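Q: Residue numbers (my numbering): 1388 to 1727. Can you keep this structure in mind? I'll have questions shortly.
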Ligand code: DAH
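Here it is as structure tokens:
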């Protein structure tokens, strides 16, 4: 084999190579395990003994030169590719923006509602999702035989003997008991949080959902105070053109009690499928705090009066945005979440 002829051939092939992939190919062809130079050194044992050393030296030199030439040409080609705006990285380009995400729609609605009340002087308090049976029921004047105390309506937890029965709170009202026991009136408190009920999941039910409880306790708090506060709230969330009505209802922890409806925001009260042709949408429960609740926390019912209300955040968010399935909030589908 004429090593000089091979050397000249290698040199000219590298010089005329026009692309990086072509150079990669040449590298394999020249320096690879079965490449030309490996083939050259493979012939050494068959040479006359006197020629072997000199041939070996030349082959070694050729190997080094080839590697150097390939490297230089690769550097030159990638530099010119960059200069021409092809491939490689253009460090003058702006970076790829990282999306920072946003609050979940239920968090947004909950924060909006709480801020309406904090502007009226309410303070935000949170309570634990694991509650005592006393705070969730007894303290709120829900007697033992009340159906919502039944294990079917509440997730009970395995209780440690000798302690109170524990459960996953089925509403945010127990925070009334916690706050009234630990503070003295005047109180104006708003309580956002998760609640749990063993309901079968469907378009309007979830075993976990969100509520906001609110209550005010002081001397001479009247039903008209409740009406005024709730009207400010409902108009701030649904627009100042809505109408409101208070419908008599029963809750064990308030007397009198009322459910509050707003005129349907879809049909403006004419009747449609969202309001079930009634023209009204129920948005919350409310009433004057029952004297028995005050007795349970050691307040004198002759001295203090108060009002309370509770609403479902998921329901309000569904009405506000025209969402027809509560499960959408819990599926973590970005196509849904990115719309808020
Ligand atoms: N706790 C009730 C529920 O989960 C909602 C409620 C109704 C809260 C009337 C109140 C109230 O404070 O006065 O269904």
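Glycine included, each C-beta is placed from N, C-alpha and C at the ideal position. In this text, all values refer to a predicted model and were calculated from it rather than measured experimentally.
By DSSP, does residue 1635 sit in helix, in strand, or in coil?
A: Position 248 of the chain shown, counted from the start, is the residue given in the question as residue 1635. Residue 1635 falls in the strand class under three-state DSSP.
Q: Please determine, among 1479, 1700 and 1509, the residue with the shortest C-alpha to C-alpha distance to residue 1602.
A: As a working note, residue 1602 is residue 215 in the chain shown. Ranking 1479, 1700 and 1509 by Cα distance to residue 1602 puts 1509 first.
Q: Check the DSSP bridge columns for residue 1589 and list the partner residues they point to.
A: The residue labelled residue 1589 in the question sits at position 202 within the chain shown. DSSP lists 1592 as partners of residue 1589.
Q: By the 10 Å Cβ neighbour count, where 16 or more other Cβ atoms means buried, how is residue 1532 classified, buried or exposed?
A: Taking the first residue of the chain shown as 1, we reach residue 1532 at position 145. Under this definition residue 1532 is an exposed residue.
Q: Below 7 Å, is the gap between the Cβ of residue 1669 and the nearest heavy atom of ligand 1?
A: The residue labelled residue 1669 in the question sits at position 282 within the chain shown. Outside the cutoff, so no.
Q: Within this structure, are the beta carbons of residue 1501 and residue 1577 separated by less than 8 Å?
A: The residue labelled residue 1501 in the question sits at position 114 within the chain shown. The residue labelled residue 1577 in the question sits at position 190 within the chain shown. Taking 8 Å as the Cβ cut-off, residue 1501 and residue 1577 qualify as a contacting pair.
Q: Since residue 1512 contacts residue 1582 with CB under 8 Å, what's their CB separation in whole angstroms?
A: In the chain shown, residue 1512 corresponds to position 125, counting from 1. In the chain shown, residue 1582 corresponds to position 195, counting from 1. Rounded, the Cβ-Cβ distance is 15 Å, inconsistent with contact.
Q: How is residue 1544 classed by DSSP in three states: helix, strand or coil?
A: Counted from its first residue, the chain shown places residue 1544 at position 157. Here residue 1544 sits in coil by DSSP.
Q: Who are residue 1599's beta bridge partners in DSSP?
A: Translated into positions along the chain shown, residue 1599 becomes position 212. According to DSSP, residue 1599 bridges with 1579 and 1698.
Q: Would you say residue 1518 touches ligand 1, meaning its beta carbon is less than 7 Å from a heavy atom?
A: Mapped onto the chain shown, residue 1518 falls at position 131. Residue 1518 Cβ: outside cutoff for every heavy atom of ligand 1.
Q: Within a Cβ cutoff of 7 Å, which residues of the same chain sit near residue 1568, ignoring the five residues on either side of it in sequence?
A: Start at 1 with the first residue of the chain shown, and residue 1568 comes out as number 181. Excluding positions up to five away in sequence, the list reads 1684.
Q: Whole angstroms are fine: how far does the CA of residue 1692 sit from the CA of residue 1600?
A: Residue 1600 sits at position 213 when you count from the first residue of the chain shown. Residue 1692 sits at position 305 when you count from the first residue of the chain shown. Taking the straight line joining both Cα atoms gives about 17 Å.
Q: At what residues does the alpha helix (DSSP H) containing residue 1645 begin and finish?
A: Counting from one through the chain shown, the residue named residue 1645 turns up at place 258. Residue 1645 -> not in any alpha helix (DSSP H); beta strand (DSSP E) instead, spanning 1641-1650.
Q: Given that a residue counts as buried once 16 or more other Cβ atoms are within 10 Å of its Cβ, and exposed if not, what is residue 1540?
A: Counted from its first residue, the chain shown places residue 1540 at position 153. Exposed, because fewer than 16 other Cβ atoms sit within 10 Å of the Cβ of residue 1540.
Q: With a threshold of 7 Å, establish whether the CB of residue 1533 neighbours any heavy atom of ligand 1.
A: Counting from one through the chain shown, the residue named residue 1533 turns up at place 146. Residue 1533 Cβ: outside cutoff for every heavy atom of ligand 1.
Q: When the Cα of residue 1530 is compared with those of 1598, 1507, 1433 and 1640, which residue comes out closest?
A: Working through the chain shown from its first residue, we reach residue 1530 at position 143. Residue 1640 is the option with its Cα nearest to residue 1530.
Q: Beta carbon of residue 1526: closer than 7 Å to some heavy atom of ligand 1?
A: Indexing the chain shown from 1 puts residue 1526 at position 139. No - ligand 1 has no heavy atom lying nearer than 7 Å to the Cβ of residue 1526.
Q: Would DSSP call residue 1675 helix, strand or coil?
A: On the chain shown, position 288 is the one that residue 1675 refers to. Strand, per DSSP.
Q: CA-CA distance, residue 1402 and residue 1429?
A: Here residue 1402 refers to the residue found at position 15 when the chain shown is read from its first residue. Here residue 1429 refers to the residue found at position 42 when the chain shown is read from its first residue. Looking at the two C-alpha atoms, the distance is approximately 26 Å.
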